[in-house]
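Structure first, commentary second.
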Amino acid sequence: MTYTKIYGSLKKDIILLLILAVFSVPYLFKFKIRVGFPPGYAGLYAQMAEEVVKNNFAYPDTISYYGGGSIPFAYPPLSFYLMALIVNVFQVNSMVYILFAPSIFLGMTYIAFYFTTKILLKSRLGAFLATLFFITSSGIMGYHYSAEGITRTLALLLIIGSLFFLTKYYYGNKRSLVYSALLWGSAALTHPTYAVYGAFNALVVLFYKKRKLNITYLSEISKFFIYGALLVIPWILIVVSKHSFTPFINVSGTHDTLNILNHISSFHNFYDYINAILLAKHETVILTSASLIGVLYLFLKKDFLMPSLFLVTFLTGGLEGQRFMAIISSVITAKFLIEIFSPILKSFFAKTRLVKAVTFTLLLMIVSLFVFNRMTEITMYKSSIDYASIQKLADYLNKNTSESTSYLLLSSNLIEHEWFPYFIKMFPVVNSFGREWTGDYNDEGKRFNWLLSCSDKFVADCKDIIRINNGEPNRLLILNIKQVDINLEREIKTNGWKKVNIQNEIYTIYEN
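Numbering (the numbering used here), first residue to last: 306 to 817.
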């Protein structure tokens with residue numbers, strides 16, 4: 306079947322997308338409007354966008370305050386330039402952008418995903434179901450709804466767009482390969498993990514288009530990566546000219562992608578890997594179970610494209626691969642359900658208008674219950690940091706401390722640690738965010754986890770946290786009084802730290 310026949314009229318698509326919008330838009334925006342501060346963490350990302358503006362949109366050398374005070378600006382920069390452009394040109398508040406941009410990107414991704422699966426499954430209903438599963442998957446919502454989505458969700462949108470054009474190319478639209486490759490390159494300039502996912506999908510899809518490992522296949526693969534590389538290589542050359550290859554070498558082993566050999570080295574490791582990306586939450590188990598049945602069904606039908614995509618995604622996704630498994634699992638589950646139950650649905654819809662109306666209403670009710678049940682975790686979210694208190698603390702520190710002052714935040718709240726350098730414009734003594742680019746990610750990560758544990762439950766070994774900071778010039782201890790063990794504050798006073806008199810409901814400052 307050709308691409309043009311599959312695509313067809315947009316009228317019915319618009320109706321189905323409007324139904325999906327009714328379910329998804331309230332969850333994408335209502336909670337954020339109510340809370341007013343971005344869920345998740347994006348302090349480092351916001352700082353990078355700020356560095357771009359400070360540098361008049363020339364490529365910055367370093368990022369301030371994170372990674373021990375300064376780290377190479379070696380992150381893929383597209384999302385930070387986009388944020389800097391919108392914030393600077395259109396005078397949008399940074400927090401407003403971080404709050405709503407992920408939801409906007411996610412809504413656009415739903416549309417792109419619908420049309421991609423419509424072509425792939427040759428079915429509007431199949432595309433509707435796949436998008437419904439996609440929307441309600443914790444692998445998608447959990448990774449892309451929160452503040453980190455200013456980078457992750459933009460990358461997801463670009464890679465789904467790349468897959469859209471790749472699917473069109475699979476069905477005969479020759480020019481689509483170039484568009485797919487350029488969007489893949491844009492995703493690589495946004496988040497490397499998504500580029501890895503897109504690259505393996507391209508390898509599989511283009512192989513099944515030709516069904517042979519021949520010169521034609523190698524030519525198409527080469528074109529795909531060359532077109533994408535045209536966007537990526539200039540950025541790599543800029544980073545290398547400033548920092549050599551060191552940042553890329555440092556980051557290469559820190560995010561677990563392609564580390565399948567370690568995951569299958571023992572039964573225990575393999576079980577942990579399966580649990581992390583397939584069985585972490587009950588809704589993931591349901592989707593995974595259905596998709597595994599679908600994989601077996603398609604395999605028996607000798608339809609190997611989607612089972613191959615499932616296997617490759619599983620093997621290359623890493624411990625954060627749940628987000629990518631949700632994509633292919635949604636498609637396979639929808640295809641399986643459509644092919645099994647389509648004859649039944651057609652027999653119902655072939656009857657009178659009343660039967661059609663009743664059937665459609667029942668389906669809509671089932672879909673509504675499914676969506677509302679899956680989305681409850683979003684409505685139950687509570688902001689884990691007090692933005693007003695942090696801003697009040699930042700105002701005090703900016704007026705009363707020097708640029709050389711550093712701090713140690715005593716709090717068990719991971720998200721709070723990530724945002725702090727951005728707001729108070731100081732570098733933390735212990736903080737692992739950004740360290741993957743400096744080469745000491747693992748060592749600093751251990752110190753950081755120790756700090757979190759000691760803030761949560763003070764024991765004798767935790768006294769070293771206070772002692773290593775004794776006598777250090779321009780050093781502050783900042784306590785979140787709602788997040789630390791009371792014994793930790795006693796130890797601070799015992800070691801001669803002096804409490805600073807500030808008015809703040811959440812934070813207490815000590816200086817030496």
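The C-beta atom is built at its ideal place from N, Cα and C for all residues, glycine as well.
| query | result |
| --- | --- |
| Contact check, Phe385 vs Thr421, beta carbons under 8 Å | no |
| Local conformation of His587 per DSSP, three classes | Annotation note: pLDDT 45 at His587 (below 50); position unreliable, no value reported. |
| Helix, strand or coil at Asn817 [DSSP, three-state] | coil |
| Under 8 Å between C-beta atoms of Leu715 and Leu605 | no |
| Alpha carbon of Leu425 to alpha carbon of Thr472, nearest angstrom | 7 Å |
| Ser709, buried or exposed, once every other Cβ within 10 Å from all chains shown has been counted against 16 | exposed |
| Collapsed DSSP secondary structure at Ile783 in the structure displayed | strand |
| Separation of Ser442 from His587, as counted between CA atoms | Its pLDDT being 45, under 50, His587 is placed unreliably by the model, and the measurement read from it follows with that caveat. The alpha-carbon atoms of His587 and Ser442 are separated by roughly 10 Å. |
| His449, buried or exposed, once every other Cβ within 10 Å from all chains shown has been counted against 16 | buried |
| Spatially closest choice to Gln627 from Glu644, Pro612, Thr414, Thr593, by CA coordinates | Thr593 |
| Runs of alpha helix (DSSP H) lying entirely within the region 472-557, each at least 4 residues, in chain order | 481-493, 497-515, 520-548, 551-556 |
| Continuous beta strand (DSSP E) stretch holding Leu714: start and end | 711-715 |
| Nonlocal neighbours in the same chain, by C-beta distance under 6 Å from Ala354, ignoring five residues either side | Phe385, Met388, Ala389 |
| Paired residues, beta bridge with Thr367 - DSSP | Pro377 |
| Cβ-based neighbour list, Ile771, same chain, cut-off 7 Å, excluding 5 preceding and 5 following | Glu796, Ile797, Asn800 |
| Best match in Asn785, Ile791, Lys804, Tyr499 for proximity to Glu810 [C-alpha to C-alpha] | Asn785 |
| Exposure label - Gln788; buried when at least 16 CB within 10 Å | buried |
| Per-residue burial, Gly477 [other beta carbons within 10 Å of its own, 16 or more giving buried] | exposed |
| C-beta contact flag for Phe410 and Leu459 at 8 Å | yes |
| Identified DSSP bridge partners for Pro733 | Tyr712 |
| Reference Leu404, options Ser527, Ile541, Ala534, Tyr346, closest by Cα | Tyr346 |
| Same chain, Cβ closer than 6 Å to Lys547, neighbours up to 5 away in sequence not counted | Asp366 |
| Option in Ile464, Tyr474, Arg780 with minimal Cα separation from Pro497 | Ile464 |
| Identity of the residue in Tyr602, Ser717, Ile633 nearest Leu616 by Cα | Ile633 |
| Distance, Ile520 Cα to Asp608 Cα | 24 Å |
| Beta-carbon proximity list for Tyr308, same chain, < 6 Å, skipping 5 on both sides | For Tyr308, the predicted model reports a pLDDT of 48, less than 50, meaning its position is unreliable; a value from the coordinates is still stated below. Cβ within range, chain order: Lys473, Tyr476, Gly477, Asn478. |
| Span of the alpha helix (DSSP H) around Glu794 | 791-799 |
| Leu535 and Tyr522 closer than 8 Å at C-beta | no |
| Reduced DSSP secondary structure (H/G/I, E/B, other) of Tyr602 | helix |
| Under the three-state DSSP convention, the category Phe359 falls into | Residue identity check: residue 359 is Lys in the sequence provided, not Phe. Correct three-state label for Lys359: helix. |
| Cβ distance (whole Å) where Tyr712 is taken to contact Ile783 below 8 Å | 5 Å |
| Whole-number beta carbon distance between Gly466 and Leu437, since they are thought to touch under 8 Å | At roughly 20 Å, the Cβ-Cβ gap does not stay under 8 Å, so Leu437 and Gly466 are not in contact. |
| Rounded C-alpha distance that separates Ile831 from Tyr350 | Residue numbering for the chain in the displayed model covers 306 to 817; residue 831 lies beyond these limits and cannot be assessed. |
| Lys640, DSSP secondary structure in three states | helix |
| Rounded C-alpha distance that separates Glu356 from Ser549 | 20 Å |
| Thr743 classed as buried or exposed, judged by whether at least 16 other C-beta atoms fall within 10 angstroms | buried |
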